[in-house]
Structures are given as C-alpha cells and as structure tokens.
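Enquirer: Going by the UniProt record's numbering, the first residue of the sequence shown is number 1, and it counts up by one from there.
One structure, as structure tokens, below. Some questions next.
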Amino acid sequence: MSAVDDRLAAARAELARLDPAAAHALQSSGDALLIDIRPIANRGAEGEIPGALPIERIHLEWRLDPAGEDRITGFDADTTVVVLCNEGYASSFAARDLKLLGLANATDLVGGYRAWQAAGLPTQPGGTPAIP
C-alpha cells in the first residue's frame, strides 16, 4: 500500500461516510448541507446535484470554518456537511480537514458525484460558478 493509500484509509477511519441514498435522504430532509468541491470543468461536463453548494477545494476551509470571518451562512458547527468530489477520494481528505476545523459531523459521499448519478438520484446541468 502506498503512503497516499495509508493516509486515505486513516482519513476515512475518522468519517461516517454516506452512500448516495443516505446523503440524498439527509439533504431532502434538510438535515445535511452538500458541498461539491469539483472544479467547474467537471461540474460543467458531468452535471451537478440540485441544492449542493459548489465550493472548490482551494476555498473550502475558509468558507466552512464555523468560527471564520469568511464563512458562508446557513450552517453551524453541528451541521452535517457532506463533501463530494468526482469519485469520493479527494472528498475524504477534505471532510477530514473540516472535522479538524470543528465540524464534528463533516463526512463525504462514497463514490462521489458519479455514484450519485449512477444511483439515478437528481442531477441538473452543471457549470454553476463556485462560491469564491
């Protein structure tokens, strides 16, 4: 196993990862905030999840630090935040980092956007500009 695989396994061990159906149920009930960290090129080419907030990885910690001056509104330290990427790799690292910032319920989407889409869950055409 490579060093990155070891680190990925360690990050995932800290998360209660969600499959697409569980993430959709939490989002639909208003009990989770979905954050799409994919670059705009991926969102434009493949689509987006309705209601997911596009925040690219380079801005993630600043927009989701529960005590930060540059954070977005609509969440607090207890909110379940579900991070998604293309296939569920980068999102595991990102969710782990959000937990370190104080988001105790941060997690990620197993299989990422592609698993969501393959499950037949709602999508829409992409290209929404990310929250800067």
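Glycine included, C-beta positions come from ideal geometry on N, C-alpha and C.
Fair warning: this is a prediction, and the values are worked out from it, not measured in the lab.
Are there 16 or more other CB atoms within 10 angstroms of the CB of Pro-54, so buried, or fewer, so exposed?
Expert: Result: buried.
Enquirer: For the beta strand (DSSP E) containing Val-82, name the first residue and the last one.
Expert: Here the beta strand (DSSP E) through Val-82 covers 80-84.
Enquirer: DSSP has Glu-48 in a bridge; who is on the other side?
Expert: Answer is Gln-124, bridged to Glu-48.
Enquirer: Closer than 7 Å by C-beta to Arg-57: which residues in its own chain qualify, once you throw out the five before and the five after it? Chain order, please.
Expert: So the list reads Ile-37, Ala-90, Ala-94, once near-sequence residues are dropped.
Enquirer: Name the residue from Ala-3, Ala-21, Ala-41, Arg-12 whose alpha carbon lies nearest to the alpha carbon of Ala-115.
Expert: Among Ala-3, Ala-21, Ala-41, Arg-12, the Cα nearest to that of Ala-115 belongs to Ala-21.
Enquirer: Which runs of the beta strand (DSSP E) spanning at least 3 residues fall entirely within the stretch 12-66, listed in chain order?
Expert: You should have 32-36.
Enquirer: Nearest-angstrom Cα distance between Pro-80 and Leu-34?
Expert: Per the sequence shown, residue 80 should be read as Thr rather than Pro. About 9 Å.
Enquirer: Where does Leu-109 fall in DSSP's three states?
Expert: Note: Leu-109 maps to strand in three-state DSSP.
Enquirer: Starting from the C-beta of Asn-86, find all residues in its chain whose C-beta is less than 7 Å away, skip the five residues before and the five after it, and write them out in chain order.
Expert: Same-chain partners within the cutoff: Arg-38, Asn-42, Gly-112, Tyr-113, Arg-114.
Enquirer: Use the C-beta contact count for Glu-69: other C-beta atoms within 10 angstroms, 16 or more gives buried, fewer gives exposed.
Expert: By the neighbour-count rule (16 or more Cβ atoms within 10 Å), Glu-69 is not buried but exposed.
Enquirer: Which residues in the same chain as Gly-127 place their Cβ atom closer than 7 Å to its Cβ, once the five residues preceding and following it in sequence are excluded?
Expert: Taken in chain order, the residues that qualify are Ile-40, Arg-43, Gly-44.
Enquirer: Starting from the Cα of Gln-117, find the closest Cα among Ala-13, Asp-19, Leu-8 and give me that residue.
Expert: If we check each option's Cα against that of Gln-117, Asp-19 comes out closest.
Enquirer: Taking the continuous alpha helix (DSSP H) assigned at Arg-96, which residues delimit it?
Expert: It spans 90-101 - the alpha helix (DSSP H) in which Arg-96 sits, taken as one unbroken run.
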